[in-house]
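**Q** Structure provided below as structure tokens; questions to follow.
There are 2 protein chains.
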Amino acid sequence: MGRPAYRQLADILRERIESGRYRPRKPLPSELHLRQEFGVARDTIRRALALLAEWGLVRTIGGRGTFVRAVDRVTVRMEPGLRVFSRPATAAERVTLDLAEGAYVIVIERRDGVEVLPADSTEILVVE
Amino acid sequence: MGRPAYRQLADILRERIESGRYRPRKPLPSELHLRQEFGVARDTIRRALALLAEWGLVRTIGGRGTFVRAVDRVTVRMEPGLRVFSRPATAAERVTLDLAEGAYVIVIERRDGVEVLPADSTEILVVE
DNA sequence: ACGTATTTGTACGTATGTATC
DNA sequence: AGATACATACGTACAAATACG
């Protein structure tokens, strides 16, 4: 007994995203369409999509669709005088940064300004 | 029509946890029991429990039950020479830190040793 | 402005599998 | 072995949000 069906399906869809078959900012096929392609229940489709969303690969929007997220991982190097903290994203930030409801941002305050990055794709590296 | 049923149910259960009615390290009533108490489908119960798990309040274990997590929030102050990063928890860490499959830990490397903390209850504070 | 089609969200039911006690 | 509890997977129906003509 291998992994559950929804888990295998998530892997297949992940591969399609990473290979570029499903393109950034574009919607995946609808749940109905996926159900027909893979011959599984909608429940199984939705579980797989939820996994992908948890992994930060896609983002599902209300009566619209599930979209491939276009994000790169960012690494920030800590320096003295840098102030870094995290807070929930505002509505405007959710739009510009392509974030879901309830997502967090990381705020980086430098002397010359402030930078706001998605918390789920930002790495803070501390060097001495 | 306020929020969805599973959302309201999650709030009720959260209140019971925070009030101490459901005690740390003890199981919540089984899904069957909750279904009977609230008169909703198991699906609804499970969605509420999944929310609580996402919030870090409970942890569900295979054929055993859903347990109230006993964790305190920890705050770590950044200092020069400190290296902090995050990675998936190992199997052993999941046991000792009371974490679910797929959970992350935060690793803090100091000159005198390494500390590993649950990512969902650790706060990193950066001071200059 | 309106209705219709599409798509995701919620909620119910049922059955079976797996893990634990 | 049997009972209990969670996990997966199928099905159905309707609601809500969105898109489009």
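Residue numbers (the working numbering), protein chains in the order written: chain A, 126 to 253; chain B, 126 to 253.
Virtual Cβ for every residue (Gly too), placed ideally from N, Cα, C.
Since this is a predicted model, take the numbers as computed values, not measurements.
For G238 (chain A), which residues does DSSP report across the bridge?
**A** Beta-bridge pairing links G238 (chain A) to A:R235.
**Q** Kindly list the residues whose CB is nearer than 7 angstroms to the CB of L174 (chain B), restricted to its own chain and excluding five residues on each side of it in sequence; keep chain order.
**A** Answer for L174 (chain B): V183, T185, T191, listed in chain order.
**Q** Kindly indicate which residue of A:E140, A:S155, A:D168, A:R172 has the alpha-carbon position closest to the one of R132 (chain A).
**A** R132 (chain A) has its Cα closest to that of A:R172, out of A:E140, A:S155, A:D168, A:R172.
**Q** Please name the residue, chosen from B:T215, B:L157, B:R236, B:R235, that lies closest to A228 (chain B) on a Cα-to-Cα basis.
**A** Nearest option by C-alpha distance: B:T215.
**Q** In terms of alpha-carbon separation, which member of B:L176, B:F163, B:S155 lies closest to A135 (chain B)?
**A** Checking every option, the nearest Cα to that of A135 (chain B) belongs to B:L176.
**Q** In this structure, does DSSP put G190 (chain B) in helix, strand or coil?
**A** Reduced to three states, the DSSP call for G190 (chain B) is strand.
**Q** So for Y147 (chain A), helix, strand or coil by DSSP?
**A** It is coil, neither helix nor strand.
**Q** Opposite P213 (chain A) in the DSSP bridges: which residues?
**A** A:Y229.
**Q** For L242 (chain A) and K151 (chain A), I'd like the C-alpha separation in whole angstroms.
**A** One C-alpha to the other measures close to 22 angstroms.
**Q** Count the other CB atoms, across all protein chains shown, that sit within 10 Å of the CB of V230 (chain B); report buried if there are 16 or more and exposed otherwise.
**A** The residue is buried, with at least 16 neighbouring Cβ atoms inside 10 Å.
**Q** Helix, strand or coil: which one does DSSP assign to E218 (chain B)?
**A** Helix at E218 (chain B).
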